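Per the UniProt record's numbering, the very first residue in the sequence shown carries number 1; after that it's consecutive. Ideal Cβ placement from N, Cα and C applies to all residues, glycine included. Note that the coordinates shown come from a computational prediction; the quantities given were computed from them, not determined experimentally. Written below as structure tokens is the structure these notes are about.
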Amino acid sequence: MKINEMIRTRRKEMNLTQEQVASRLGVSAPAVHKWETGNSYPDITLLPALARLLGTDLNTLLSFQEDLSRQEVDQFCADLCQMIEAKGFAAGFEAAMDRTAQYPNCDALAYLAAATLEGCLYLLSAEDAGPYQKRIEALYERASHGDDATIRGLARSMIISKSMARGEYERAQELLDEDKEISKSLFHHVFLQSNLYLQQDRLEEASELLERELLGSAGNIQSTLLMMLDIALKEQDMHAASYIAQVSEQTAHLYDLWSYNSYVAGFQLAVSARDESETLRYLQKLLEASQTSWDISASPLYRHLPENGGAFLKDHFPAGLANSMKTDECLTFLHDNPKFWELVKKYAND
1 MKINEMIRTR RKEMNLTQEQ VASRLGVSAP AVHKWETGNS YPDITLLPAL ARLLGTDLNT
61 LLSFQEDLSR QEVDQFCADL CQMIEAKGFA AGFEAAMDRT AQYPNCDALA YLAAATLEGC
121 LYLLSAEDAG PYQKRIEALY ERASHGDDAT IRGLARSMII SKSMARGEYE RAQELLDEDK
181 EISKSLFHHV FLQSNLYLQQ DRLEEASELL ERELLGSAGN IQSTLLMMLD IALKEQDMHA
241 ASYIAQVSEQ TAHLYDLWSY NSYVAGFQLA VSARDESETL RYLQKLLEAS QTSWDISASP
301 LYRHLPENGG AFLKDHFPAG LANSMKTDEC LTFLHDNPKF WELVKKYAND
């Protein structure tokens, strides 16, 4: 928060008028107005008295903070999504780089900006996305060495996943070994904090923490089931694979996840069997589901969580999915099937 915003915010919190502030500091009301609009700044000799009057200290008044509040970080990421949608990925990327450079010690900003940018990379082709990947991963690296244990653990998880995807198994194992205590502490921290909020009758905050934990856990269950499905398919254990796929679909329904998630396992099963009819059926379901909004707060399970940008996904994800189908090597067995290309044409943005 800039000094002009700090003066205006603190003055209002103290229930003071601009005239009252001016009177107590021996300046004019227009001078105070200029301070609050950022057109001029208080004389340095007035700063200690101004800080006392506003019930704060000089460091806070002058915004000598190395961090942003979580609310400010969340708002920036929400604005970032809107900027990318309105002005394109490059504009949003540069805005994120500028803000993270401005607050080099804000772990949450580095991590969430990286996650937001990565979530929007599907708008670009693999070739165009390439140059951005390293700089996004550098933000995860930065967050992984921060002081915030939760953010550090989340950032390291991203780096571990990326290392494994590149076949850097030694590095991934080193990071996993370093991260054991942090990982164990995550749920314990959420549970203790939620219980404390509950004891203080801060029900909104307790609910939000627990709902985020539930949503994250449900997502982890889905990811685990899909990996177990991969293993069952490689073992050619089709009975287990079919059962796991059913559980994955039920999990998506049970935890009110995005409807798209309920079809992923069945799709993998159909592709593995090279069953053209079933694969096309699941592709149709996936594409249709990708056009539906997911308002997470509409579920009783997540009623305290804010709306999660489902409309943005609905507007952009289907075309990205359809375009990726054209080059997906797993789907080459469908290339001679006219129905496959009808689906691609229907949803792609060529």
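Should leucine 215 go down as buried or exposed, given a rule of 16 or more other Cβ atoms within 10 Å for buried? When all chains shown are included, leucine 215 counts as buried.
Would you mind sorting aspartate 57 into buried or exposed? The rule is 16 or more other CB atoms within 10 Å of its CB. Exposed, because fewer than 16 other Cβ atoms sit within 10 Å of the Cβ of aspartate 57.
Candidates Leu301, Pro300, Met325, of which the one nearest residue 398 by Cα: Outside the shown range of the chain, which is 1 to 350, sits residue 398, and nothing can be said about it.
At what residues does the alpha helix (DSSP H) containing serine 23 begin and finish? Counting along the chain, the alpha helix (DSSP H) containing serine 23 begins and ends at 18-25.
Helix or strand or just coil, what does DSSP make of glutamine 199? For glutamine 199, the three-state secondary structure derived from DSSP is helix.
Counted within 10 angstroms of its Cβ, other Cβ atoms place threonine 37 as buried (16 or more) or exposed: So threonine 37 ends up on the exposed side.
Please report the straight-line C-alpha distance between arginine 135 and glycine 55, rounded to a whole angstrom. Rounded to whole angstroms, arginine 135 to glycine 55 spans 41 Å at the Cα level.
Might you give, ordered along the chain, the residues of its own chain that have their beta carbon closer than 6 Å to the beta carbon of histidine 33, omitting 5 neighbours on each side? So the list reads Gln18, once near-sequence residues are dropped.
The alpha helix (DSSP H) with lysine 87 in it runs from where to where? In the DSSP annotation of this structure, the continuous segment of the alpha helix (DSSP H) that includes lysine 87 starts and ends at 70-87.
Using a Cβ-Cβ cutoff of less than 7 Å, which residues in the same chain neighbour alanine 172 once the five nearest sequence positions on both sides are dropped? Ile160, Ser163, Met164, listed in sequence order.
Could you compute how far the alpha carbon of aspartate 275 sits from the alpha carbon of arginine 281? Rounded to whole angstroms, the gap between the alpha carbons of aspartate 275 and arginine 281 is 10 Å.
What residue from Gln133, Gly266, Leu226, Met227 has the CA that sits closest to arginine 166's CA? Nearest of Gln133, Gly266, Leu226, Met227 to arginine 166, Cα basis: Gln133.
DSSP on glutamine 291, reduced to helix/strand/coil? In the structure shown, glutamine 291 sits in coil (DSSP, three-state: anything other than H, G, I, E or B).
Evaluate tyrosine 263 with the Cβ neighbour count: other Cβ atoms within 10 Å of its Cβ, from every protein chain shown; 16 or more gives buried, anything less gives exposed. Around the C-beta of tyrosine 263, 16 or more other C-beta atoms lie within 10 Å, and the residue is accordingly described as buried.
Do the region 223-236 and the region 195-208 meet, that is, are 3 or more Cβ pairs less than 8 Å apart? Result no; under three Cβ-Cβ pairs closer than 8 Å.
Tell me whether residue 374 sits in a helix, a strand or coil according to DSSP, three-state version. This structure gives no information on residue 374, because the portion of the chain shown stretches from 1 to 350.
Suppose you measure from the CA of threonine 100 to the CA of phenylalanine 333; what does that come to, to the nearest Å? Roughly 45 Å between the two C-alpha positions.
Whole-angstrom distance between methionine 97 and serine 185, CA atom to CA atom: Below a pLDDT of 50, predicted positions are generally treated as unreliable, and serine 185, at 46, falls in that range; no measurement from the model is reported.
Write down the C-beta distance between tyrosine 260 and serine 290 rounded to the nearest angstrom, noting that I regard them as a contact closer than 8 Å. The pair is a contact, with the Cβ atoms about 6 Å apart (cut-off 8 Å).
Per-residue burial, proline 318 [other beta carbons within 10 Å of its own, 16 or more giving buried]: Result: buried.
According to DSSP, is histidine 239 part of a helix, a strand, or is it coil? Assignment of histidine 239 by DSSP, reduced to helix, strand and coil, places it in the helix class.
Using a Cβ distance threshold of 8 Å, determine whether the region 64-83 contacts the region 110-122, with at least three qualifying pairs required. At 8 Å Cβ cutoff, the stretches touch.
Residue 351 versus alanine 298 - alpha carbon distance: Because residue 351 is not part of the residues shown, which for the chain are 1 to 350, the question remains open.
Work out the CA separation of alanine 322 and asparagine 39 for me, nearest whole Å. Taking the CA atoms as reference points, asparagine 39 sits about 51 Å from alanine 322.
With distances taken Cα to Cα, identify the nearest neighbour of phenylalanine 89 among Phe76, Asp74, Tyr122, Lys12. Checked all of Phe76, Asp74, Tyr122, Lys12; the closest Cα to phenylalanine 89 is Tyr122.
How would you write the range of the alpha helix (DSSP H) that phenylalanine 333 sits in, first residue to last? Looking at the DSSP string, phenylalanine 333 is not in any alpha helix (DSSP H), and its letter there is neither H nor E.
Tell me which residues share the same chain as glutamate 213 and place their Cβ nearer than 6 Å to its Cβ, disregarding the 5 neighbours each side in the sequence. Non-local beta-carbon contacts of glutamate 213 in its own chain, meaning distances under 6 Å to residues more than five positions away in sequence, involve Val190 in chain order.
What are the uninterrupted segments assigned as alpha helix (DSSP H) that are 4 or more residues long and contained completely in the region 92-178, given in chain order? The region 92-178 contains these whole alpha helix (DSSP H) runs: 107-120, 126-144, 149-165, 169-178.
What number of angstroms, rounded off, separates the C-alpha of alanine 245 from the C-alpha of glutamate 204? Their backbone Cα atoms lie some 35 Å apart in a straight line.
When the Cα of cysteine 106 is compared with those of Leu301, Gly320, Asp74, Leu283, which residue comes out closest? For cysteine 106, the nearest C-alpha among the options comes from Asp74.
Let me know the secondary structure DSSP gives tyrosine 255 once reduced to three states. Looking at tyrosine 255 - three-state DSSP - the assignment turns out to be coil, as it is neither helix nor strand.
Beta-carbon contacts of cysteine 120 that lie in its chain and below 8 Å, excluding the five residues immediately before and after: Excluding sequence neighbours, cysteine 120 sits near Cys81, Ile84, Phe89, Gly92.
In three-state DSSP terms, what is proline 306? Of the three classes helix, strand and coil, the one that applies to proline 306 here is coil, per DSSP.
With a threshold of 7 Å on Cβ separation, who are the neighbours of alanine 95 within its own chain once the five nearest residues in sequence on each side are excluded? Hits under 7 Å: Leu80, Met83.
With C-beta atoms as the reference, is leucine 16 less than 9 Å away from leucine 50? With respect to leucine 50, leucine 16 sits apart: the two C-beta atoms are not nearer than 9 Å.
Using beta-carbon positions only, say whether isoleucine 7 and proline 42 come within less than 9 Å of one another. Result yes, Cβ atoms of isoleucine 7 and proline 42 sit closer than 9 Å.
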